[in-house]
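The block underneath contains the structure these notes are about, expressed in C-alpha cells.
Chains as they are written, first to last, in the numbering used here: chain D, 621 to 813; chain S, 47 to 283.
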C-alpha cells in the first residue's frame, strides 16, 4: 500500500470565518425559500429569498455577499434543495428562473457596493435610510431585469409577455422586503454584524 | 417531498460525478439548439433513460411542481393577443416547445441529484475548478448541505414563536422582519462558532477528498455528453 505525504496549506483565521459566514448565508437564503408569506396584492405567495440577497449585500459586503450567493447557486446545482419550493439541480439554473438566480450574486454585489461604498465594511445603519433604500431598489432592478430577460429567452416570450408572466405578480411584494430589510438594519437587531 | 440523493447501485450511481455533469451540460445545450418536435422527442427518450438509469421514477419530479404554473402559463400568454385572431396558435406552439424543453432539463437534473452523494459532488467541483476557488466552492457547497436543515429548523421555530405570540395580526413586512432577524442572528452565531472550530482543527485548502476516477462505464456516457454538445455547436455555428 502506498502512502502519500503532502504539506497542509492552512486557511487563515479571517478567511475561515468569512468562508463560514458565506456558507451559512448561502444556506440561509436556501432556507428562506421555504418561508412563504401571503402576497397582499396577488394570489402568488412570496418567499424571503430576495430579502436574503439584500441582507447578504448589506451584512457581508460587496465581496463576500456575492461569494455567498455563488455558493448558493453551486450548492443548488449539485443537489441541495435550495431553490424555489425545495427544488435543485443544474436544470433549474438553465430553466425558466435562470435569469433571477444568476442575477442574485450581481444584485448582492450592487447592494453591498452602494451600502458600504467600497470593499471595506462599515456599519450599515451609518449609510442612512436613503442610501439603504436606493441600494435595494437598484438590487431589485438588477434581479428583475435579468429575471425577465431570462424568462423571455428561455420560454421564447416577447418582452411584454415576459413582464406579464414574471414580474407583475411579484414586483409589488419586493417593497415589503425592502421595508423589512430597512427595519432589520435600523433596529440594530443583528448581533454579529 | 423534496428531491434528494438516494443511495443505490444503479448505472448512474456508479458513474463519475464529472461525467454526469458533462452530460447535463451537453443535454441543456442540445435542448436549446434543437427545440423542434423531432429534437425534443429524441431528447425525451434520453431524459427518460437518464432517470431510469438512476433508478428514479416520475414521483421524483414532484419536487419541481413549483415550476409548473409558469411553464403552463407561458404558452397561453404568448398565444393571447389583443384583437383578432385573439389567439395565435403558432406563437403558443413555440412557447409550448420552450416550456417542454425546460421540463426535460429538470428530468435530467433529477437523475443527477438522485444518484450523486454530496461528497462526490464536492470532490468533482474541487478537482474541476482550479486553485483556491475550487477549494472554496467545494467546502462551501458541503457546508450548505450540512447547515440547510438546521437553518430551516431555526426559521420554523421563529415562525412558530411569532405565531403563538399573536404575530399573525402584524403587518406582513413586520413578520418578515422578525423571522429574518431570528434566522440571520442564528446563521451568524453558527458561522462564527464554525469559523473558530475550523481554524482550531487545521482547516486546509487541500483537504483529503474521495478519489475520483473514470471507469469503463464512464467513457460511453462521456462520449454521449460530448456528442450532445457537438450537435448543439454544429447547429448554432
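Yeah, the Cβ is synthetic: ideal placement off N, Cα and C, and Gly gets one too.
### Query
Quick one: what's residue 216/S bridged to in DSSP?
In DSSP, residue 216/S forms no bridge with anything.
### Query
What residue does the alpha helix (DSSP H) around residue 80/S start on, and which one ends it?
Premise fails: residue 80/S is in no alpha helix (DSSP H) and is neither H nor E.
### Query
For residue 155/S, does the count of other Cβ atoms within 10 angstroms reach 16, so buried, or fall short, so exposed?
buried
### Query
Should residue 209/S be labelled buried (16 or more other beta-carbon atoms within 10 Å of its own) or exposed?
exposed
#### Entry: Residues from the segment 768 to 781 of chain D in contact with chain S, defined by Cβ distance under 7 Å
774, 775, 776, 777, 781
### Query
Quick one: what's got a C-beta closer than 6 Å to residue 606/D's C-beta in the same chain, skipping five residues either side?
Any question about residue 606/D goes unanswered here, given that chain D covers just 621 to 813.
### residue 133/S versus residue 79/S: straight-line alpha-carbon distance, rounded
27 Å
### Query
residue 147/S and residue 82/S: beta carbons closer than 8 Å?
no
### Task
For residue 133/S, decide whether its Cβ has a neighbour in chain D, counting only Cβ atoms nearer than 8 Å.
no
### Query
Where does residue 625/D fall in DSSP's three states?
Residue 625/D: coil per DSSP, three-state reduction.
### Residues that DSSP places opposite residue 92/S in a beta bridge
In the DSSP assignment, no residue is bridged to residue 92/S.
### Task
Using a Cβ-Cβ cut-off of 8 Å, state whether residue 683/D counts as contacting chain S.
So no, residue 683/D is outside the interface.
### Query
Any beta-carbon of chain C closer than 8 Å to the one on residue 719/D?
Any reference to chain C falls outside this structure, whose protein chains are D and S.
### Query
What distance in whole Å lies between the Cβ atoms of residue 787/D and residue 768/D, which are believed to be in contact at a cut-off of 8 Å?
6 Å
### Query
How many angstroms separate the CA atom of residue 91/S from the CA atom of residue 128/S?
38 Å
### Task
Keeping to the same chain, check which residues put their C-beta closer than 8 Å to that of residue 801/D; ignore five residues upstream and five downstream.
671, 674, 675, 678, 752, 756
### Query
Taking 7 Å as the line, does the beta carbon of residue 650/D fall inside it for any heavy atom of the ligand COA?
Within the structure as shown, the ligand COA is missing, as the structure has no ligands at all.
### Message
Pop quiz: residue 646/D and residue 241/S are said to be a contact at Cβ under 8 Å. What is the actual Cβ separation, rounded to whole angstroms?
### Response
That pair is no contact at about 15 Å.
### Message
Please classify residue 760/D as buried or exposed, where buried requires at least 16 other C-beta atoms within 10 Å of its C-beta.
### Response
buried
### Query
Going along chain D in order, which residues have a C-beta closer than 8 Å to the C-beta of residue 251/S?
629, 630, 631
### Message
Considering just the uninterrupted stretch of the alpha helix (DSSP H) at residue 678/D, what are its terminal residues?
### Response
Element bounds for residue 678/D: 669 to 697.
### Task
Entirely within the segment 90 to 126 of chain S and at least 4 residues each: give me those alpha helix (DSSP H) ranges in chain order.
114 to 125
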